[in-house]
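For reference, the structure discussed in these notes is given below.
There are 4 protein chains.
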Amino acid sequence: MIETAIIEKHGVGRLKDPVMVTGLPGIGLVGQVVAKYMIKKLGGKKMADLYSPHFPHQVLMTKKGGMRLLKNKFYLIRLKKRDLIIVVGDVQAITGDGQYEVAGKILDYAQKHKVREIITIGGYSSGKMSGEKKVFAAANSEKVMKRHKDEFVFGETKGSIVGVAGLLPALALIRGIDAMCVMGETHGSYVDPSSAKAVLEKLAKLFSFKIDMEQLEQEAKEREKMIKKIEGEIEKQAAGGNKDITYIR
Amino acid sequence: MIETAIIEKHGVGRLKDPVMVTGLPGIGLVGQVVAKYMIKKLGGKKMADLYSPHFPHQVLMTKKGGMRLLKNKFYLIRLKKRDLIIVVGDVQAITGDGQYEVAGKILDYAQKHKVREIITIGGYSSGKMSGEKKVFAAANSEKVMKRHKDEFVFGETKGSIVGVAGLLPALALIRGIDAMCVMGETHGSYVDPSSAKAVLEKLAKLFSFKIDMEQLEQEAKEREKMIKKIEGEIEKQAAGGNKDITYIR
Amino acid sequence: MIETAIIEKHGVGRLKDPVMVTGLPGIGLVGQVVAKYMIKKLGGKKMADLYSPHFPHQVLMTKKGGMRLLKNKFYLIRLKKRDLIIVVGDVQAITGDGQYEVAGKILDYAQKHKVREIITIGGYSSGKMSGEKKVFAAANSEKVMKRHKDEFVFGETKGSIVGVAGLLPALALIRGIDAMCVMGETHGSYVDPSSAKAVLEKLAKLFSFKIDMEQLEQEAKEREKMIKKIEGEIEKQAAGGNKDITYIR
Amino acid sequence: MIETAIIEKHGVGRLKDPVMVTGLPGIGLVGQVVAKYMIKKLGGKKMADLYSPHFPHQVLMTKKGGMRLLKNKFYLIRLKKRDLIIVVGDVQAITGDGQYEVAGKILDYAQKHKVREIITIGGYSSGKMSGEKKVFAAANSEKVMKRHKDEFVFGETKGSIVGVAGLLPALALIRGIDAMCVMGETHGSYVDPSSAKAVLEKLAKLFSFKIDMEQLEQEAKEREKMIKKIEGEIEKQAAGGNKDITYIR
C-alpha cells in the first residue's frame, strides 16, 4: 500500500443533503466521544474504511484472538431531513504530508457523496476545569459563520487547529464546500464528557435529533481506555526502539 | 530505485495450493530462525528477491571480498500436498510508510502465485524464561480462527504486532486472503531456540512435514550473530553520523 | 492533497515583461517586510495561492472566527514599464524535498507567465547593529551579475543561502531564467526595518517606482507579531507532542 | 523539482568501452580527492549534472558573487583504450530513500552510455596512522573478484559500505553490470592524501595512464577546506534551527 485508500463495502445510494461530521482523536477526546456516541445512539451503519501508510505500522490484537489495522471509518446515520456521514478512527496520520493526504482523501469521499457541509469536532483548551462548557467554532467562510452565529460562539478562540479537524475545513474551502470546526471547551489534559455533552446538545438542535445522554460518561471512559491502550503500544515500541534495535522490528 | 521491487529469477510454474510463511527479524528472532531452518532442512529453492529504498542505505561486505544489498528473499519448499513460499530477510523497512509499501508488494507477489493462506511468524514476549513455550496466534478473520483453534492458542495475547508480521495478515484481509500471525512465547530479550522449536513442531503438524531439530540451536546462534553484525553496522554509522558529519557519507 | 498546488483565481492576461520578486520568512524578516510593504503601497492584486502538504499541518484561527491554511501567495503589481509578480507567505516547507518541490512549482508558475527575471529577497547576517545597511546580491550567472553590478554589492557575502531564496535562483538557471538573491545587511536576530528600507530603495530605483517609507516600521512590527504567533503555535504543538502523545492530534 | 534529474549539456557520441568511476564525499575523502585529481590531471570534460531534492536545500555563494546548487557531476576522460566517466560531487543524499534514488539515476546514466564496469572509490578505516597504505576492494560478483584479484586486496575488510559507494555496485548487479568498491586504507578521521595516492597508483596501472602526483597533497587540502565549508554551513543552519525557528528559513 503506497497511498491512502478508502474502501466502500457496498453502495449506499443517493444521500439526503448529506453533512459530514468528523470526530478523530484530539484534545480532551471531545470529537471522538461525540462521534462514537452518535453512531451508537442514532444507529450508524458502516459505509467505508480508510487505510493509510501514514498511520502507525502496527496492528492491534483483539481479546478474541483477532487483529485489526489502525484505520479511520465512515458511518451513515439517516435522520429525517438529512443524512450524516460520521468519520471516526483510532489515529491520525503521523507525518505532516500524511495529514494532508488523508484530509484530501476524506474530501474526495465527501465530494463523491455530494456533501455540501462539513463539521469537524474538536476540543479547545481554555484551562477551565468546571462550570458550563462553551461550544466554540471557526468557519471556513463568512457565509458559514453567519449561518451558524446564533448556535456557536465564533471569534473567542485563538491559535491554531492541528490535524484533520483544521485541515479538512480549510482544504474544503478550495473545493467550494462549506465547513467549520466545532470545539468543545475543555481543560485539555484528560477526557472530558461534560464538553462532549455540550457539543452533542448543539448538534442535536442543529440537526433536529434526540439523543439520551445517560451512557455518555461510560462512552467517554471506554474511549479513554482504548486510546490509552493504543498510546501505550506506540510508546512501548518507541521506547524499545530507542534502547535496542530500531530498524529490526 | 524509487519503489520497492520484487525480482523473480525464473518462472516456477503453477504452485500446489501455496501457503506463504514469513519469518523476518523480530522479537526473540523466532520467525527468522524458524523460516531459515525450514529452508535448510526442507530444501527450499530461491524464487525471488525483494529490494527496497526503505531498507538501510548500505551494503554488507562478505568474508570472501564480495558485497550484498540488504533484502528480503522468497524461497519455495515443495511438500507433498502443498507448496510453501517462505519469506526471510536481514531487515524490515525503516520508515512507517516503507513498512506499508513492502507489505503491499509481498501481498502482490502472494496474489501472483494464487496464495490463499498466509502465516507470519513472530515472537510474543510473555516474560517467561523457562518451561514449556506456548504457541499463540491472532487471525485476520473468525473463519481462520475457527479453522486453527485446535492447533494454536488464540485470545491470550494483547497489545500490538509491529511491522510486516502484523501488517501482512491485516492487509491480506482487504484482499480477501486468509491469514494469521503465529507467535512463539519467548522472554524477548535474546534469541530463543526453544520458542522456535515449539513453533516448528506446530507447523510440521499443520503441513504434515518431518524435520529433525538437532541443528536448530546452531541455526539460532548463527542468526543471532548475523543480526548483531547488521545492528552493529547500523549503530556505528548512526553514532558516527551524530558526532561528525551527517549528510556526507 | 498529495502535491504542492498553485490555484489561480482568474486569468490576468498577458503581462508586461514580468519580474518575479519573492519575500518569504527568513533572516531579519527582510524579504517578507519588503514584499508585503510593496503589495500594500503599490496596490498589489492577488493572483494565486500556493498550498503544500509540506507546510505545517495546521490552520490558523482568525480573530473574527474564521480560519486559514498556511500558504504562499502571488500578487500582481502593474508598474509603468514592467509588471511585478510578488511572492509572499507565512511559511516555507518543513522538509528538504518539500523545499525543492515548492521552489519547482513557483518556477512553473513563473514560466507560465513568461517571467524572464527573478529576484529573491533575504537578509544577510553581518552582525552589524547600526549604521548604513549595505544591499548584497548573489547572481545565478555572470551575465546577471554584470547587469546589476552598479546597483548591488556582489562578492562580499559568503556561506550559503537556505530555502526558497537560494533554491529559486539556482534552479532558475537550469531553466534558463535570469535570477539573483538580493540580501539586506542585518544583525539577524530580530526584525530589521532599516535593512528592509535599504533594499526597498534599491528596488524602487531598479524598477522606477516611488514608495513612501513612512509606514515601513509599522509594517515590520506587524510582520514580527504575526511570525511570532505562528512560531508560538508550532512550538506549543511540538512541546505538547514530545511530552504526551505524538500521533494523536 | 520532485525527482532526482540528470541534465546532459550536449551529446558526447559513442564512448570507447566506458568505465564509470565515482568519488563522492566519504571516509578520509579518499574517493573525492582521487576523482577530482584525475579530472584535473587527465583533462576531464564536464558531461552532465545531477540535481536532487534529497540534497540539502541550500545553495553555496561563490567568492565572485555567484551561487551554485549542491550537485553531483559527471566528467569524461578519454584514455587511449577506454573512456572514463568520473562522478564527483559536494554531497550525498540526506535520506535513505534519497540515497537509493540517486544511485538508481546514476545507474540509468551508466546504462545510457553502455558502461559495462563501475568502480566506486572510498576509504576504509583500519585505524592505521602511518606506513604503506593497502588498497582493498569488494566486488559485486565472483567474476569481478577473479578478474581483479591480483590488483586489489579482497576479503580483508568487514562491516558495511554506506551510501553510493556501496549501493552503486550492489544495485549494478541487478542490472547485470560488473562493479566493485575500491577502498584506500586510512585512519579515517581526517583527509588522507597517502591513501588517495595508493588508490591512484592502482587505477593508473589498471587503466594504463600516467599521472604526476606532485600536486596531490594540495588537492587534498583544497578538498578538505571545501568540505569543511559545506559542513559548517549545514551545522550552522542546524544549530540555528534548533535554537530558534525550524520551519521558517
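Protein chains in written order, with my numbering: chain A, -1 to 247; chain B, -1 to 247; chain C, -1 to 247; chain D, -1 to 247. Backbone N, C-alpha and C define an ideal beta-carbon position, used for all residues, glycine too. All values reported here derive from a predicted model rather than from experimental measurement.
Is the shortest distance between the beta-carbon of Lys223 (chain C) and the beta-carbons of chain A less than 8 angstroms?
-> As a working mapping, residue 223 (chain C) is identified with position 225 in the third sequence. No, Lys223 (chain C) does not count as interfacial toward chain A.
Contact set between Glu231 (chain C) and chain A, taken where Cβ atoms lie within less than 7 angstroms | The residue given as residue 231 (chain C) occupies position 233 in the third sequence. Contact note: Glu231 (chain C) reaches chain A through Gly157 and Ser158, using a C-beta cutoff of 7 angstroms and chain order.
For Thr155 (chain B): DSSP bridge partner residues = Translated into positions along the second sequence, residue 155 (chain B) becomes position 157. In DSSP, Thr155 (chain B) forms no bridge with anything.
Cβ of Lys44 (chain D) within 8 angstroms of any chain C Cβ = Start at 1 with the first residue of the fourth sequence, and residue 44 (chain D) comes out as number 46. Residue-level contact by beta carbon fails for Lys44 (chain D) and chain C, as no gap is shorter than 8 angstroms.
In terms of residue numbering, what span does the beta strand (DSSP E) encompassing Leu74 (chain B) cover?
-> Translated into the one-based positions of the second sequence, residue 74 (chain B) becomes position 76. For Leu74 (chain B), the uninterrupted beta strand (DSSP E) segment begins and ends at Asn70 to Arg76.
Take the Cβ of Leu77 (chain A) as the centre, count every other Cβ of all protein chains shown within 10 Å, and call the residue buried at 16 or more, exposed below.
-> On the first sequence, residue 77 (chain A) is found 79 positions in, with the first residue counted as 1. With a threshold of 16 other beta carbon atoms within 10 Å, Leu77 (chain A) falls short and is exposed.
Three-state secondary structure (DSSP) at Leu22 (chain D)?
-> Position 24 of the fourth sequence, counting from 1, holds the residue named residue 22 (chain D). Leu22 (chain D) falls in the coil class under three-state DSSP.
Can a CB atom of chain A be found closer than 8 angstroms to the CB of Lys7 (chain C)?
-> In the third sequence, the residue the question calls residue 7 (chain C) occupies position 9. No, Lys7 (chain C) does not count as interfacial toward chain A.
Can you say whether Tyr251 (chain D) is buried or exposed, counting buried as having 16 or more other CB atoms within 10 angstroms of its CB?
-> An answer regarding residue 251 (chain D) cannot be provided, because it is not within the stretch -1 to 247 covered by chain D.
Per DSSP, the bridge partner or partners of Asp81 (chain C) = Translated into positions along the third sequence, residue 81 (chain C) becomes position 83. Answer is C:Arg76, bridged to Asp81 (chain C).
With a threshold of 16 other CB atoms inside 10 Å of the CB of Gln90 (chain D), please say whether the residue is buried or exposed.
-> Within the fourth sequence, the letter at position 92 stands for residue 90 (chain D). Its Cβ being crowded by 16 or more others within 10 Å, Gln90 (chain D) is buried.
Does the beta-carbon distance from Phe248 (chain B) to Val180 (chain B) come in below 8 angstroms?
-> With chain B covering only -1 through 247, there is no way to say anything about residue 248 (chain B).
Would you say Arg66 (chain A) and Val17 (chain A) are within 8 angstroms of each other, going by their C-beta atoms?
-> Residue 66 (chain A) sits at position 68 when you count from the first residue of the first sequence. Residue 17 (chain A) sits at position 19 when you count from the first residue of the first sequence. Inclusion of Arg66 (chain A) and Val17 (chain A) in the CB contact set at 8 angstroms is not warranted, their separation being larger than that value.
Leaving out five residues on either side along the sequence, give the residues of the same chain with a beta carbon under 6 angstroms from the beta carbon of Leu201 (chain D).
-> Position 203 of the fourth sequence holds residue 201 (chain D). Same-chain partners within the cutoff: there are none.
Ala194 (chain C) versus Pro167 (chain C) - alpha carbon distance | Translated into the one-based positions of the third sequence, residue 194 (chain C) becomes position 196. Translated into the one-based positions of the third sequence, residue 167 (chain C) becomes position 169. Whole-angstrom Cα-Cα distance: 20 angstroms.
Gln97 (chain C) - partner residues in DSSP beta bridges | Numbered from its first residue, the third sequence carries residue 97 (chain C) at position 99. In the DSSP output, where bridge partners are listed per residue, Gln97 (chain C) has none listed.
Under the DSSP definition of a beta bridge, which residues are partnered with Thr118 (chain B)?
-> By one-based count along the second sequence, residue 118 (chain B) stands at place 120. B:Thr20 and B:Cys179, per the DSSP bridge assignment.
What residues in the segment 56 to 77 of chain C bring their beta carbon closer than 7 angstroms to a beta carbon of chain A?
-> So the close ones are Gln56, Val57, Leu58, Met59, Lys61, Lys62, Gly63, Gly64, Met65, Arg66 and Leu67.
Are the CB atoms of Ala170 (chain A) and Leu74 (chain A) nearer to each other than 8 angstroms?
-> In the first sequence, counting from the first residue as 1, residue 170 (chain A) sits at position 172. In the first sequence, counting from the first residue as 1, residue 74 (chain A) sits at position 76. Result no, Cβ atoms of Ala170 (chain A) and Leu74 (chain A) do not sit closer than 8 angstroms.
Alpha carbon to alpha carbon, what distance is there between Leu22 (chain B) and Lys14 (chain D)?
-> Translated into the one-based positions of the fourth sequence, residue 14 (chain D) becomes position 16. Translated into the one-based positions of the second sequence, residue 22 (chain B) becomes position 24. About 45 angstroms.
Rounded distance between the beta-carbons of Ala196 (chain B) and Lys131 (chain B), thought under 8 angstroms | Taking the second sequence and counting its residues from 1, the one referred to as residue 131 (chain B) is at position 133. Taking the second sequence and counting its residues from 1, the one referred to as residue 196 (chain B) is at position 198. Going by Cβ atoms, the distance from Lys131 (chain B) to Ala196 (chain B) rounds to 4 angstroms, so yes, they are a contact pair.
Please work out which residues of its chain come closer than 7 angstroms, Cβ to Cβ, to Val28 (chain D), disregarding the five sequence neighbours upstream and downstream, and give them in chain order.
-> Counted from its first residue, the fourth sequence places residue 28 (chain D) at position 30. Once the five neighbours on either side are set aside, the close Cβ partners of Val28 (chain D) are Ile119, Gly120, Gly121, Gly182, Thr184, Asp190, Ser193, Ala194 and Val197.
Whose CA, out of A:Glu99, A:His111, A:Glu115 and A:Val10, lies closest to the CA of Ser50 (chain A)?
-> Indexing the first sequence from 1 puts residue 50 (chain A) at position 52. For Ser50 (chain A), the closest alpha carbon among the candidates A:Glu99, A:His111, A:Glu115 and A:Val10 is that of A:Glu99.
Are the C-beta atoms of Met143 (chain C) and some chain D residue less than 8 angstroms apart?
-> For the purposes of this step, residue 143 (chain C) is identified with residue 145 of the third sequence, where counting begins at 1. Yes - at least one Cβ of chain D is within 8 angstroms of the one on Met143 (chain C).
8 angstroms contact criterion, which Leu48 (chain B) and Lys110 (chain B) should meet: CB distance rounded | Indexing the second sequence from 1 puts residue 48 (chain B) at position 50. Indexing the second sequence from 1 puts residue 110 (chain B) at position 112. Contact flag wrong, Cβ pair sits at about 13 angstroms.
Roughly how many angstroms lie between the CA atoms of Met(-1) (chain C) and Thr93 (chain C), to the nearest whole one?
-> Your numbering for residue -1 (chain C) matches position 1 in the third sequence. Your numbering for residue 93 (chain C) matches position 95 in the third sequence. Using only the alpha carbons, I get a separation of about 16 angstroms.
Find the residues of chain A that neighbour Ala137 (chain B), judging by a C-beta separation of less than 8 angstroms, and give them in chain order.
-> Mapped onto the second sequence, residue 137 (chain B) falls at position 139. Here the neighbours are Gly63, Gly64 and Met65.
Tell me Arg12 (chain D)'s beta-bridge partners as DSSP assigns them.
-> Within the fourth sequence, residue 12 (chain D) is the residue found at index 14, counting from 1. Partner residues in a beta bridge of Arg12 (chain D), as assigned by DSSP, do not exist.
Looking only at DSSP bridge pairs, what is Tyr49 (chain C) linked to?
-> The residue you call residue 49 (chain C) lines up with position 51 of the third sequence. Beta-bridge partners of Tyr49 (chain C) (DSSP): C:Ala3.
Name the residue from C:Arg12, C:Gly11 and C:Tyr35 whose alpha carbon lies nearest to the alpha carbon of Asp210 (chain C).
-> Counting from 1 along the third sequence, the entry for residue 210 (chain C) is found at position 212. Measuring from the Cα of Asp210 (chain C), the nearest candidate turns out to be C:Tyr35.
Selection from D:Lys144, D:Ile37 and D:Thr20 that minimises the alpha carbon distance to Leu214 (chain D) = Position 216 of the fourth sequence, counted from the start, is the residue given in the question as residue 214 (chain D). Comparing Cα-Cα distances from Leu214 (chain D) to each of D:Lys144, D:Ile37 and D:Thr20, the minimum goes to D:Ile37.
Opposing strand residues paired with Thr184 (chain A) [DSSP bridges] | Position 186 of the first sequence, counted from the first residue, corresponds to residue 184 (chain A). According to DSSP, which records beta bridges pairwise, Thr184 (chain A) is partnered with A:Ser123.
Under 8 angstroms between the Cβ atoms of Leu68 (chain B) and Asp88 (chain B)?
-> Position 70 of the second sequence, counting from 1, holds the residue named residue 68 (chain B). Position 90 of the second sequence, counting from 1, holds the residue named residue 88 (chain B). Yes; because the gap between Cβ atoms is below 8 angstroms, this pair is in contact.
If you measure from the beta carbon of Ile254 (chain A) to each beta carbon in chain B, is any gap under 8 angstroms?
-> Outside the modelled stretch of chain A, which goes from -1 to 247, sits residue 254 (chain A), for which no answer is possible.
Met65 (chain A) - DSSP class collapsed to helix/strand/coil = Within the first sequence, residue 65 (chain A) is the residue found at index 67, counting from 1. It is a strand residue.
When the Cα of Ile159 (chain D) is compared with those of B:Ile228, B:Met45, B:Gly11 and B:Arg12, which residue comes out closest?
-> Locating residue 159 (chain D) in the fourth sequence gives position 161, counting from the first residue. Minimum Cα distance to Ile159 (chain D) is reached at B:Ile228.
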